[in-house]
DNA sequence: CTTGACTCTGTATTCGGCTACAGGGTCTAT
DNA sequence: ATAGACCCTGTAGCCGAATACAGAGTCAAG
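Residue numbers (this note's numbering), protein chains in the order written: chain A, 447 to 610; chain B, 447 to 610.
1) Taking the continuous alpha helix (DSSP H) assigned at residue 421 of chain B, which residues delimit it?
2) Whole angstroms are fine: how far does the CA of residue 470 of chain A sit from the CA of residue 508 of chain A?
3) Grouping DSSP H, G and I as helix and E and B as strand, with all else coil, what is residue 465 of chain A?
4) For residue 521 of chain B, count the other beta carbons within 10 Å of its own beta carbon; 16 or more makes it buried, fewer makes it exposed. Which is it?
5) Going along the chain, which residues of the stretch 493-524 of chain B sit with their C-beta nearer than 7 Å to a C-beta in chain A?
6) Would you be able to state if there are at least three C-beta pairs under 8 Å between the stretch 494-503 of chain A and the stretch 515-531 of chain A?
7) For chain A, check one thing: does any of its Cβ atoms lie closer than 8 Å to the Cβ of residue 589 of chain B?
8) With 16 other CB atoms within 10 Å as the buried threshold, where does residue 532 of chain B fall?
9) Using the DSSP secondary-structure output, state which residues sit across from residue 494 of chain B in a beta bridge.
10) My output table needs one value for residue 487 of chain B: the three-state DSSP class, helix, strand or coil.
11) Between the stretch 544-556 of chain B and chain A, which residues of the former have a C-beta closer than 9 Å to a C-beta of the latter?
12) Just confirm the distance between the C-beta atoms of residue 563 of chain B and residue 547 of chain A, as a whole number of angstroms; I'd bet it's less than 8 Å.
13) Which word fits residue 492 of chain A, buried or exposed, when buried means at least 16 other C-beta atoms lie within 10 angstroms of its C-beta?
14) CB-CB under 6 Å to residue 524 of chain B, same chain, minus the five flanking residues each way: which ones, in chain order?
15) Residues in the same chain with beta-carbon distance under 8 Å from residue 502 of chain B, minus the five sequence neighbours each way, listed in chain order, please.
16) Please identify, using Cβ separations under 7 Å, the residues of the stretch 474-490 of chain A that lie next to chain B, in order along the chain.
17) Do the CB positions of residue 569 of chain A and residue 552 of chain B come within less than 8 Å of each other?
18) Do the CB positions of residue 527 of chain B and residue 566 of chain A come within less than 8 Å of each other?
19) Cα-Cα, which of A/477, A/549, A/571, A/557 is closest to residue 571 of chain B?
20) With a CB to CB cut of under 8 Å and the five nearest residues on each side skipped, what residues in its chain are close to residue 478 of chain A?
21) Under 8 Å Cβ-Cβ, which residues of chain B neighbour residue 559 of chain A?
22) When DSSP labels each residue in this structure, what does residue 474 of chain B get in the three-state scheme?
23) Run down chain B in chain order and give the residues with a C-beta less than 7 Å from the C-beta of residue 570 of chain A.
24) Hey, residue 514 of chain B and residue 473 of chain B: beta-carbon distance below 8 Å or not?
25) Between the beta-carbon of residue 573 of chain B and the beta-carbon of residue 545 of chain A, is there less than 8 Å?
26) Output the distance between the C-alpha atoms of residue 505 of chain B and residue 484 of chain B, rounded to the nearest integer angstrom.
27) By how many angstroms is the C-alpha of residue 482 of chain A removed from the C-alpha of residue 561 of chain A?
28) So, with DSSP's three-state summary, where would you put residue 513 of chain A?
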């Protein structure tokens with residue numbers, strides 16, 4: 447992957463080259479529109495601008511974007527990430543809050559994992575059983591109808607698949 | 447809340463009483479609008495109607511709705527559920543297809559669980575470590591920045607929390 | 001000096017799974 | 001005969017996280 451920075455190849459190194467949005471997009475793998483969107487959502491602050499209004503990002507933005515991506519992967523919403531970042535920028539450490547969020551998230555994850563294990567077990571068991579008995583007449587599908595999954599619909603659609 | 451069914455109280459029992467949408471909604475816990483929405487999505491077929499156009503559901507609809515709920519919990523999208531149901535109604539057993547879907551879903555779930563375990567472990571480790579070293583100057587938050595979570599962003603937002 | 005790549009703002013659209021509302025018609029108890 | 005509860009259709013909106021597009025301005029190379 448590592449898109450070697452062609453544009454700013456010269457004698458950069460520790461020069462913190464100001465990058466335009468397209469380059470940042472390429473380097474980060476985040477679409478241009480998404481970058482502007484993040485800015486609107488308060489995730490990126492307002493970058494410097496050229497006279498003509500082009501955004502100029504410094505090198506840090508890439509770290510910031512990595513931060514955002516990681517936080518997303520960890521299950522933070524953009525709003526939460528924005529909150530964390532803005533706390534930081536209000537001068538105070540957001541860490542206490544982050545810690546709280548993280549602890550809550552840990553519990554959620556645990557619960558989620560537990561649920562998924564149940565789903566997985568029940569789904570597998572149902573598939574198994576159902577493969578043995580074959581089709582039942584008059585049922586849409588024994589597989590689903592016969593499952594003992596009742597579990598009071600935990601939170602409705604916890605599984606939520608990613609786009610496929 | 448519990449609006450005791452006044453309408454069909456008489457001497458029902460095993461009479462398979464035709465139910466109007468409101469009652470079905472109450473009995474199933476699914477909103478009226480959602481029921482009509484499901485119908486539009488092909489999940490419920492077209493129910494009988496009174497002369498004046500009111501939907502009249504038979505008792506089966508409740509099973510059907512349970513089926514739908516369960517399938518949703520198992521991670522099926524409404525579109526998939528609709529497909530399953532319509533295959534059934536096209537005369538053929540949808541089971542082969544369901545089985546395939548289920549098998550694929552099982553693998554997805556496994557992968558998802560694996561991911562979540564990684565997340566969980568890394569998140570916990572980071573929290574731990576970070577609680578020991580405290581705040582780092584110049585960082586938004588060590589917690590997230592210092593995590594070793596790189597894992598190539600599996601599928602983007604797999605965690606997706608339920609509505610909170 | 002023109003072409004083409006890039007950028008700007010602002011608005012609209014997508015996806016899934018609903019929920020809400022407007023503006024009617026119907027049914028039943030009083 | 002009328003209030004009020006119910007039902008109808010059809011359309012619009014919501015959430016989150018983008019993506020797409022229109023119409024305009026900018027910039028560097030040929």
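Glycine included, every Cβ here is placed at the ideal spot set by N, Cα and C.
According to the structure shown:
1) What the structure shows of chain B is the stretch from 447 to 610, and residue 421 of chain B is not part of that stretch, so it cannot be assessed.
2) 7 Å
3) The answer is strand: DSSP assigns residue 465 of chain A an E or B state.
4) buried
5) 513, 515, 516, 517, 518, 519, 520, 521
6) no
7) With a pLDDT of only 48 at residue 589 of chain B, under the threshold of 50, the placement of this residue in the model should not be trusted; the figure read from the coordinates follows. Residue 589 of chain B counts as touching chain A.
8) Counting Cβ neighbours within 10 Å, residue 532 of chain B comes out exposed, since fewer than 16 surround it.
9) Beta-bridge pairing links residue 494 of chain B to B/502.
10) coil
11) Under the 9 Å Cβ criterion, the stretch 544-556 of chain B contributes 544, 545, 548, 549, 551, 552, 554, 555, 556.
12) In fact, because the Cβ distance is near 20 Å, the residues do not count as touching under 8 Å.
13) exposed
14) Result list for residue 524 of chain B: 487, in chain order.
15) 464, 465, 466, 493, 494, 495, 496
16) none
17) Cβ atoms of residue 569 of chain A and residue 552 of chain B: closer than 8 Å.
18) Against a cut-off of 8 Å, the Cβ pair of residue 566 of chain A and residue 527 of chain B comes out as no contact.
19) A/549
20) 467, 468, 471
21) Neighbours of residue 559 of chain A on chain B, chain order: 559, 562, 563, 566.
22) Reduced to three states, the DSSP call for residue 474 of chain B is helix.
23) Those within 7 Å of residue 570 of chain A in chain B are 552.
24) no
25) yes
26) 17 Å
27) 36 Å
28) helix
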